[in-house]
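Peer 1: Below you will find the structure I want to go over with you.
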Amino acid sequence: FMTVREAVELVLQAAALGTGLGGIPPVRGGVFVLDMGGPVSILDLARQMIRLAGQRPDEDVKIVFTGLRPGEKLNEELVSARENLTATPVPGVNLASGPRAADWPLLRGGIEELAEAARAGRTGQVLATLQRLVPEYAPAAAAASARAPLSAAR
Numbered sequence: 164f165m166t167v168r169e170a171v172e173l174v175l176q177a178a179a180l181g182t183g184l185g186g187i188p189p190v191r192g193g194v195f196v197l198d199m200g201g202p203v204s205i206l207d208l209a210r211q212m213i214r215l216a217g218q219r220p221d222e223d224v225k226i227v228f229t230g231l232r233p234g235e236k237l238n239e240e241l242v243s244a245r246e247n248l249t250a251t252p253v254p255g256v257n258l259a260s261g262p263r264a265a266d267w268p269l270l271r272g273g274i275e276e277l278a279e280a281a282r283a284g285r286t287g288q289v290l291a292t293l294q295r296l297v298p299e300y301a302p303a304a305a306a307a308s309a310r311a312p313l314s315a316a317r
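Going by this note's numbering, the sequence shown opens with residue 164, and the numbers climb by one from there.
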């Protein structure tokens with residue numbers, strides 16, 4: 164998890180890296196990722212939050228396992244398997260890079276197609292367009308089978 168302070172610091176550090184402040188060569192158009200350490204057990208986090216609230220886990224507050232809800236996942240992937248993380252001069256801040264550059268005309272057309280399909284409520288076309296633009300994207304089973312109309316901001 165990333166705290167608000169860490170998020171603000173990452174934005175400021177990324178801005179500095181992007182503009183070359185402090186004698187660092189500028190990194191244009193980069194995606195910066197904070198090294199947040201290893202995975203955190205949700206059960207451990209829940210127990211710690213209960214203790215911080217002055218209660219006793221499993222005695223004062225019962226922890227109930229409900230399973231995954233549609234769209235939830237067990238692991239958060241910050242970069243795809245096809246991307247690399249490279250250290251920057253700022254400790255704990257890495258630069259994500261992939262094997263391909265964006266095809267801007269294709270991307271612009273795809274975004275327009277997404278918006279049009281979403282406005283028309285064509286879920287299947289939205290998912291197909293997303294998968295064409297982002298080959299690593301795999302919709303959740305619930306999204307793939309959903310037939311409810313979608314909406315897009317204008």
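Every residue, glycine too, gets a C-beta built ideally from N, C-alpha and C. Remember, it's a predicted structure, so these values are computed and weren't measured experimentally.
Grab me the residues of GLU235's own chain with a C-beta within less than 7 Å of its C-beta, minus the 5 sequence neighbours each way, in chain order.
Peer 2: Here the question's residue 235 lines up with position 72 in the sequence shown. Here the set comprises nothing.
Peer 1: CA-CA distance, GLY181 and MET165?
Peer 2: Indexing the sequence shown from 1 puts residue 181 at position 18. Indexing the sequence shown from 1 puts residue 165 at position 2. Taking the straight line from one Cα to the other gives about 21 Å.
Peer 1: Considering only their Cβ atoms, is the gap separating GLU239 from GLY261 smaller than 8 Å?
Peer 2: Here residue 261 refers to the residue found at position 98 when the sequence shown is read from its first residue. Here residue 239 refers to the residue found at position 76 when the sequence shown is read from its first residue. For GLY261 and GLU239, no; Cβs fall outside 8 Å.
Peer 1: DSSP on LEU237, reduced to helix/strand/coil?
Peer 2: Against the sequence shown, residue 237 aligns to sequence position 74. Residue state, collapsed to three classes: coil.
Peer 1: When DSSP labels each residue in this structure, what does THR229 get in the three-state scheme?
Peer 2: As a first step, residue 229 is located in the sequence shown; it is residue number 66 there, counting from the start. In this structure, THR229 counts as coil in the three-state DSSP scheme.
Peer 1: Are there 16 or more other CB atoms within 10 angstroms of the CB of ALA177, so buried, or fewer, so exposed?
Peer 2: Working through the sequence shown from its first residue, we reach residue 177 at position 14. With 16 or more other Cβ atoms within 10 Å, it is buried.
Peer 1: Among PRO188, LEU197, VAL253 and GLY186, whose alpha-carbon lies nearest the alpha-carbon of ALA170?
Peer 2: Working through the sequence shown from its first residue, we reach residue 170 at position 7. Selected option, being the one with the closest Cα: LEU197.
Peer 1: Could you please give the first and the last residue of the uninterrupted beta strand (DSSP E) stretch that includes VAL167?
Peer 2: Mapped onto the sequence shown, residue 167 falls at position 4. That residue, VAL167, is in no beta strand (DSSP E); its alpha helix (DSSP H) goes 167-182.
Peer 1: If you follow the alpha helix (DSSP H) that THR286 is in, where does it begin and where does it stop?
Peer 2: In the sequence shown, counting from the first residue as 1, residue 286 sits at position 123. THR286 -> alpha helix (DSSP H) spans 286-296.
Peer 1: Between the Cα of ARG271 and the Cα atoms of ARG282, LEU296, ALA281 and LEU248, which residue gives the shortest distance?
Peer 2: In the sequence shown, counting from the first residue as 1, residue 271 sits at position 108. Here the closest residue by C-alpha is LEU296.
Peer 1: Within the stretch 243-273, note down every full alpha helix (DSSP H) run reaching 4 residues or more, in order along the chain.
Peer 2: The stretch 243-273 contains no whole alpha helix (DSSP H) run of 4 or more residues.
Peer 1: So, under 8 Å CB-CB, LEU250 and ASN257 are touching, yes? Tell me the CB distance rounded to an integer number of Å.
Peer 2: As a working mapping, residue 250 is identified with position 87 in the sequence shown. As a working mapping, residue 257 is identified with position 94 in the sequence shown. Going by the sequence as given, residue 250 is Ala instead of Leu. ALA250 to ASN257, Cβ: 6 Å. Contact.
Peer 1: Strictly by DSSP, which residues pair up with PHE195?
Peer 2: Counting from one through the sequence shown, the residue named residue 195 turns up at place 32. According to DSSP, PHE195 bridges with LEU258.
Peer 1: Tell me the residue span of the alpha helix (DSSP H) that contains GLN211.
Peer 2: For the purposes of this step, residue 211 is taken as the residue at position 48 of the sequence shown. Start and end: 205-215.
Peer 1: Report the rounded CA-to-CA distance for PHE195 versus ALA216, giving the unit in angstroms.
Peer 2: Walking along the sequence shown from the start, residue 195 turns up at place 32. Walking along the sequence shown from the start, residue 216 turns up at place 53. Spanning the two alpha carbons is a distance of roughly 34 Å.
Peer 1: Could you compute how far the alpha carbon of LEU290 sits from the alpha carbon of ALA283?
Peer 2: Locating residue 290 in the sequence shown gives position 127, where the first residue counts as 1. Locating residue 283 in the sequence shown gives position 120, where the first residue counts as 1. Between LEU290 and ALA283, the C-alpha separation is close to 13 Å.
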